[in-house]
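Undergrad: I have a structure here, written as structure tokens, and I will follow up with some questions on it.
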Amino acid sequence: TFKQDKVSYFETSTDGYSLLSAGLGATFNWKEAKFGVSLTGTNLLDKTYISHLSRLKPDGIYNIGRNFSIGVNVQI
Numbered sequence: 009t010f011k012q013d014k015v016s017y018f019e020t021s022t023d024g025y026s027l028l029s030a031g032l033g034a035t036f037n038w039k040e041a042k043f044g045v046s047l048t049g050t051n052l053l054d055k056t057y058i059s060h061l062s063r064l065k066p067d068g069i070y071n072i073g074r075n076f077s078i079g080v081n082v083q084i
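Residue numbers for the sequence shown follow our numbering, beginning at 9 and rising by one.
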């Protein structure tokens, strides 16, 4: 995200930032069901940042740090 410095009267400027995210997934069949599994990671470099339009920005509360999630999907 680029630096936000062209702001309206009640806004404050925000520094730019870059985030690294990655994910992978696979599907397979077992018996009569189709399975999907996935692993995703967001903000892998654990960057401290505040989104320009965040309602928590005035309180100095940062967005979420490094985060991982595992997903399983079963179609029967």
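Here a beta-carbon is modelled for each residue, glycine too, at the ideal position from N, C-alpha and C.
Counting beta carbon pairs with one atom in the stretch 10–17 and one in the stretch 26–34, are three or more of them shorter than 8 angstroms?
TA: These segments do not touch.
Undergrad: What does DSSP give as the partner residues of Leu52 in its beta bridges?
TA: DSSP output for Leu52 lists no bridge partner at all.
Undergrad: Measuring straight from C-alpha to C-alpha, what distance separates Gly49 and Lys65?
TA: 24 angstroms
Undergrad: By Cβ distance below 8 angstroms, which residues in the same chain neighbour Thr56 in space, the five residues on each side in sequence not counted?
TA: Tyr70, Gly73
Undergrad: Mapping the DSSP letters down to three states, classify Lys42 as helix, strand or coil.
TA: strand
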